[in-house]
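Numbering (our numbering), first residue to last: -10 to 408.
Ideal placement from N, C-alpha and C gives every residue a C-beta, glycine not left out.
Computed from a predicted model, the values in this text were never measured in an experiment.
What follows is one structure encoded as structure tokens, with my remarks underneath.
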Amino acid sequence: MERSYYVATANPFARASKLEGEAQADVVVIGGGYTGLHAALNAAERGYSVILLEAGRIGWGASGRNGGQAIPGWRKSATELMSRFGRERAKFLFELALDARSLTMERIAKHGIACDLHVNGHLTLAAKPSDLSWMNAEMETLASVMDYPHARVLSASETKAKVASVDFHGGFLDECGGQLHPLNFALGLTDAARASGVVLHEDSRVVRIESTEGVVAHTQSGVVQARFGVLACDALLEGLEPRIAGRIMPVANYLVATEPVPDPQTLIADHLAVSDSRFVVNYFRMTEDGRLLFGGGERYSPHPPGNIEAFVRGHMASIFPQLRDARIDYAWGGLVSISMTRLPHIGRMGDLFFAHGYSGLGVLLPALMGKVLVEAMAGTAERFDVLAGIAPPEFPGGAALRSPLYVLGMLWYALRDRL
-10 MERSYYVATA NPFARASKLE GEAQADVVVI GGGYTGLHAA LNAAERGYSV
40 ILLEAGRIGW GASGRNGGQA IPGWRKSATE LMSRFGRERA KFLFELALDA
90 RSLTMERIAK HGIACDLHVN GHLTLAAKPS DLSWMNAEME TLASVMDYPH
140 ARVLSASETK AKVASVDFHG GFLDECGGQL HPLNFALGLT DAARASGVVL
190 HEDSRVVRIE STEGVVAHTQ SGVVQARFGV LACDALLEGL EPRIAGRIMP
240 VANYLVATEP VPDPQTLIAD HLAVSDSRFV VNYFRMTEDG RLLFGGGERY
290 SPHPPGNIEA FVRGHMASIF PQLRDARIDY AWGGLVSISM TRLPHIGRMG
340 DLFFAHGYSG LGVLLPALMG KVLVEAMAGT AERFDVLAGI APPEFPGGAA
390 LRSPLYVLGM LWYALRDRL
């Protein structure tokens, strides 16, 4: 995580010990990102004893590396949900997504998590004139079907007044969106979990799971026996659980943070979180100390580009040409997971529960998933069953062939972005 802005500005945090020997708990959580932390906290609040195992450092995966954009909803629009699932089911799914937002905000407030939270909106910039058609349709669907009056379409001039970028054709503003410091949010959740009685172990990579009767998690130096398990590894699942690996694919994203810019309010107004409408999306926002934080481009190789700064700078300069020569103080990257449908994959294998595949919307949704998984453990599975019922299919070719086939598809969409 070299030259990460988030690490450089992280809150103090007490490291957790490595698992040594045998331990028992009601619930073992595998993975110390948002999903695992929310699940652990929910389980502890219900009175379960909980042990959380993290392969490296807590919050060091996508949860501590992402763009920090707190965007309500799913990767699929409300209009797309309606088309695919029908009015009533789509509305229920949308309400679940709003619950994810509420749960996140409540948890930040309850535990006093200092994570530079701003809830001033998320703005999607229209890269093509045709984008305004779906934006207007989405605004109408949200207002008339989802009872959500917090979205509006902006004209090109209104958009320009908020973002001093190259010209876009307008924008879609969700007033309930926001931004936060993702690593400090993860560390705050960790402190809350620890205070609630969760036993944390870092540097405790799980190498094998047994889930035929209860869940047994083996690390190289210990073992945890539990009644239930939560698998929350997301893009870092690797070969740990082959039965579900083919439903998601890791994708690398890279970000930079510039030097502090003069008068940051004139670059992006009101601490808005911003992205564009391209399929291979660019996303950006201002930090607390006035830097532009910019993410752009994707790679489908596990190997980072030789120069992350140069890789991202071209994308940044295409949108903010005035920053073409700005000094880059931080550059980093990480893996997120996507699914074929861009909807999360949630389910269970015996007593082992899992959720992953947020497809770029993994800041708010894990709060919902962590709660729903624990609800199902406790015998209330209505919401779990709905979400498990929208499980994405495997990538063509499964885990072995998903990457080369997906790259071909993404190259086509990247070409379309340029047309």
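CB-CB length for residue i against residue j, believed under 8 Å
i: Gly286; j: Val263; result: Incorrect: roughly 16 Å between the Cβ atoms, too far for contact.
i: Ser266; j: Asp120; result: 5 Å
i: Ala145; j: Phe157; result: 7 Å
i: Pro239; j: Gly166; result: That pair is no contact at about 25 Å.
i: Gly57; j: Pro171; result: 5 Å
Rounded straight-line distance, which links the Cα of residue j to that of residue i
i: Ile317; j: Gly203; result: 49 Å
i: Ser200; j: Ile233; result: 14 Å
i: Thr113; j: Glu164; result: 11 Å
i: Ser348; j: Asp180; result: 27 Å
i: Arg76; j: Ala315; result: 48 Å
i: Leu26; j: Gly20; result: 8 Å
i: Arg331; j: Val325; result: 12 Å
i: Ala(-3); j: Asn125; result: 40 Å
i: Tyr402; j: Val270; result: Caution is warranted here: a pLDDT of 44 is assigned to Tyr402, below 50, making its placement in the model unreliable, and no coordinate value can be reported.
i: Leu85; j: Gly177; result: 23 Å
i: Lys151; j: Ala258; result: 5 Å
i: Pro253; j: Glu277; result: 10 Å
i: Ala344; j: Thr208; result: 21 Å
i: Leu404; j: Leu30; result: A caution first: Leu404 carries a pLDDT of 46, below 50, which makes its placement in the model unreliable, though a value can still be read off. Near 43 Å, if we compare the C-alpha coordinates of Leu30 and Leu404.
i: Ala3; j: Tyr(-5); result: 17 Å
i: Arg391; j: Arg372; result: Confidence at Arg391 is low in this model, with a pLDDT of 48, below 50, so the placement of that residue should be treated as unreliable; the coordinate-derived value is given next. The straight-line gap from Cα to Cα measures roughly 29 Å.
i: Ala115; j: Val108; result: 21 Å
i: Gly48; j: Asn0; result: 12 Å
i: Ala32; j: Leu87; result: 21 Å
i: Gly409; j: Ala132; result: In the structure displayed, the chain extends from -10 to 408; residue 409 sits before or after that span and is not available.
i: Ser210; j: Cys222; result: 19 Å
i: Arg35; j: Lys65; result: 32 Å
i: Leu82; j: Ala28; result: 20 Å
Secondary structure of residue i, DSSP reduced to three states
i: Asn109; result: coil
i: Asn242; result: strand
i: Ser52; result: helix
i: Ser146; result: helix
i: Trp123; result: helix
i: Met71; result: helix
i: Val375; result: helix
i: Val301; result: helix
i: Gln311; result: helix
i: Phe268; result: coil
i: Ile47; result: coil
i: Pro249; result: strand
i: Met128; result: helix
i: Leu226; result: coil
i: Tyr23; result: helix
i: Tyr402; result: Residue placement at Tyr402 is poorly supported in this model, since its pLDDT is 44, which falls under 50; the coordinates still yield a value, given next. Here Tyr402 sits in helix by DSSP.
Cβ pair residue i, residue j closer than 9 Å
i: Leu464; j: Phe309; result: Shown here, the chain extends from -10 to 408; a query on residue 464 therefore has no answer.
i: Leu229; j: Val195; result: yes
i: Glu190; j: Leu42; result: First, the amino acid is wrong: residue 190 is His here, not Glu. Yes, the Cβ-Cβ distance between His190 and Leu42 is below 9 Å.
i: Val18; j: Gly186; result: no
i: Arg280; j: Leu261; result: no
i: Ala5; j: Tyr37; result: no
i: Thr247; j: Leu312; result: yes
i: Ala67; j: Tyr137; result: yes
i: Gly50; j: Ala224; result: yes
i: Ile102; j: Asn55; result: no
i: Leu353; j: Ala89; result: yes
i: Asp105; j: Leu8; result: no
i: Leu92; j: Leu357; result: yes
i: His111; j: Ala59; result: yes
Chain C contact for residue i (CB, 9 Å cutoff)
i: Ser119; result: The displayed structure is made up of one protein chain only, and chain C is not part of it.
Cβ shell of residue i (< 7 Å), same chain only, five flanking positions each side left out
i: Glu95; result: none
i: Ala71; result: Looking at the sequence shown, residue 71 is not Ala but Met. Closer than 7 Å at Cβ, skipping near neighbours: Ala79, Thr130 and Val134.
i: Pro381; result: Arg236, Ser328, Met329, Thr330, Leu332, His334 and Gly346
i: Arg(-8); result: Tyr319, Ala320 and Trp321
i: Asn242; result: Gly284, Glu287, Gly322, Gly323 and Val325
i: Met338; result: Ser200 and Arg232
i: Ser52; result: Gly22, Tyr23, Pro171 and Ala175
Residues of its chain near residue i, where Cβ-Cβ distance is below 6 Å and the 5 sequence neighbours each way are ignored
i: Val188; result: Ile40
i: Val205; result: Glu199 and Gln214
i: Glu11; result: Val212
i: Asn342; result: The sequence shown places Phe at residue 342, rather than the Asn named in the question. Within the same chain, Phe342 has close Cβ partners Val219 and Leu362.
i: Met366; result: Phe217
Cutoff 8 Å; reference residue i; Cβ partners in own chain excluding five residues on either side
i: Met128; result: Ala140, Arg141, Val142 and Phe161
i: Lys117; result: His158 and Ser266
i: Ala153; result: Thr255, Leu256, Ile257, Phe309 and Gln311
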